[in-house]
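In the numbering used here, the protein residues as written are 1274 to 1709.
What follows is a set of notes on a single structure, which appears directly below.
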Ligand code: PLP
């Protein structure tokens, strides 16, 4: 019997007083003040260079409250969840389940039973591709993806398509970095069982019209999975509003710890699905020959979960809600415009992604400088950007480049950091032109 079902759970012990003294609270949005909550942002690197962290689409930094709760959890609360009927076991379980409820409210899910903890977006999508896809897809069935997917929302479907005989179809990416929605509607006319697409492209910054795309897929009789790795951290996202069947995202891209993420699933669909991983914690009854499954969400949470990670993610959600998701979105869009404006002034810079609605992941190339050389050069100025194929090799092919550079912002970044980026790119251009 699960100890969460007890009728009067013990009161939650308040977390040990945090020594981090965070600044967040009342008052107008002030990124300079919020930065003080992120000790890592005060680092100097390569000697005396103040860190300008512009790699937030890869992972965000963590506020002190998240760092502290991990420490506090292991010092004052650590126990296995849903199993141990002792004081610490009940505390850990309650805080773990409390985190689930916070996430449920954060994404507007109707029930906490539809919130499954995973290791991140990648695992969440694999759960759906394996647990739903392997059992539901038949030869000739179709899965619609787009040409801008992260490998995480591509490779699992390739595998399941090979195994089941289903066919993959792709919505083309137009020159401005938006999706060809007319083509999407045409693609939905086949035997489409699943449409899986990213909400925001990690390369182009494009914000896709996922609500409309979901409605069209549903009208065609398909289920919908939204890869929200780049959207849940940056704007209000409600699964009720989107009406999607699955939503996948990662804690580490939204101030939370690594190794924890979420799969939201529509209850009726999750209930019909068989588990992905099996073993302890996800069963109801086991004999030597056979087993039955636990109720949701435990059916999809085999083994000991990342308890501290989930609690840390809950604290990250608290932080984001105090800042405000609308505020975060507006600032993200403002910084994206500012970054593009600064980069456009540099001769020989080409920006990828000109969607009217875009977020703060800005990919570009600098004529005559390989993205890896650029990232390395810029790093010596204390500026962290990403370079490479950004886990989107098919999209690189569509853009006609092997790799790009990407600056990606979060609400604690400042315009002056983007000024530094622009200056450093100018220096890099000079350096590589003269080769010294
Ligand atoms: N999908 C998108 C759009 C991403 O940007 C990423 C990570 O960059 C992922 C999926 C994979 O996320 P994770 O590595 O946290 O599983």
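Ideal Cβ placement from N, Cα and C applies to all residues, glycine included.
Treat the numbers as computed from the prediction; the structure is a model and nothing was measured.
Nearest-angstrom beta carbon gap, residue j and residue i [assumed within contact, 8 Å]
i: residue 1521; j: residue 1495; result: Contact flag wrong, Cβ pair sits at about 17 Å.
i: residue 1546; j: residue 1404; result: 5 Å
i: residue 1471; j: residue 1423; result: 6 Å
i: residue 1518; j: residue 1539; result: 5 Å
i: residue 1627; j: residue 1406; result: Not quite, the Cβ-Cβ distance comes to about 34 Å (not below 8 Å), so this is no contact.
i: residue 1441; j: residue 1434; result: 5 Å
i: residue 1580; j: residue 1365; result: 6 Å
Same chain only: Cβ atoms within 7 Å of residue i, ignoring 5 sequence neighbours per side
i: residue 1394; result: 1425, 1500, 1502, 1521, 1522, 1523 and 1534
i: residue 1599; result: 1509
i: residue 1329; result: 1681, 1682 and 1683
i: residue 1512; result: 1380, 1381, 1382, 1520 and 1537
i: residue 1275; result: Annotation note: pLDDT 41 at residue 1275 (below 50); position unreliable, coordinate value reported separately. Closer than 7 Å at the Cβ level, and outside the excluded window around residue 1275, lie 1355.
i: residue 1319; result: 1653 and 1655
i: residue 1696; result: none
Residue burial classification, residue i (beta-carbon count within 10 angstroms, cutoff 16)
i: residue 1571; result: buried
i: residue 1299; result: Note that residue 1299 scores a pLDDT of 47, beneath 50, so its modelled location is shaky; the value from the coordinates is reported in the next line. With fewer than 16 Cβ atoms within 10 Å of its Cβ, residue 1299 is classed as exposed.
i: residue 1342; result: buried
i: residue 1302; result: exposed
i: residue 1397; result: buried
i: residue 1525; result: buried
i: residue 1690; result: buried
i: residue 1568; result: exposed
i: residue 1313; result: exposed
Short Cβ contact (8 Å threshold) for residue i with residue j
i: residue 1632; j: residue 1605; result: yes
i: residue 1642; j: residue 1705; result: yes
i: residue 1326; j: residue 1648; result: no
i: residue 1528; j: residue 1339; result: yes
i: residue 1489; j: residue 1455; result: no
i: residue 1420; j: residue 1446; result: yes
i: residue 1390; j: residue 1583; result: yes
i: residue 1469; j: residue 1536; result: no
i: residue 1466; j: residue 1410; result: yes
i: residue 1590; j: residue 1644; result: no
i: residue 1672; j: residue 1625; result: yes
i: residue 1515; j: residue 1487; result: yes
Close Cβ partners of residue i (< 6 Å) along its chain, the five nearest in sequence each way excluded
i: residue 1289; result: Residue placement at residue 1289 is poorly supported in this model, since its pLDDT is 49, which falls under 50; the coordinates still yield a value, given next. Result list for residue 1289: 1345 and 1349, in chain order.
i: residue 1587; result: 1372 and 1375
i: residue 1650; result: 1701
i: residue 1707; result: none
i: residue 1585; result: 1339, 1342, 1343, 1529 and 1530
Contact test: residue i Cβ vs the ligand COA heavy atom, cutoff 7 Å
i: residue 1686; result: The ligand COA is absent from the structure shown, which contains only the ligand PLP.
Close Cβ partners of residue i (< 8 Å) along its chain, the five nearest in sequence each way excluded
i: residue 1698; result: 1616, 1619, 1622, 1639, 1647 and 1651
i: residue 1542; result: 1405, 1496, 1518 and 1519
Residue i - partner residues in DSSP beta bridges
i: residue 1634; result: 1681
i: residue 1564; result: 1559
i: residue 1452; result: 1446
i: residue 1742; result: Residue 1742 is absent from the structure shown; the chain starts at 1274 and stops at 1709.
i: residue 1322; result: 1318
Cutoff 8 Å: residue i Cβ touching any chain C Cβ
i: residue 1540; result: Absence of chain C from the displayed structure is noted, only one protein chain being present.
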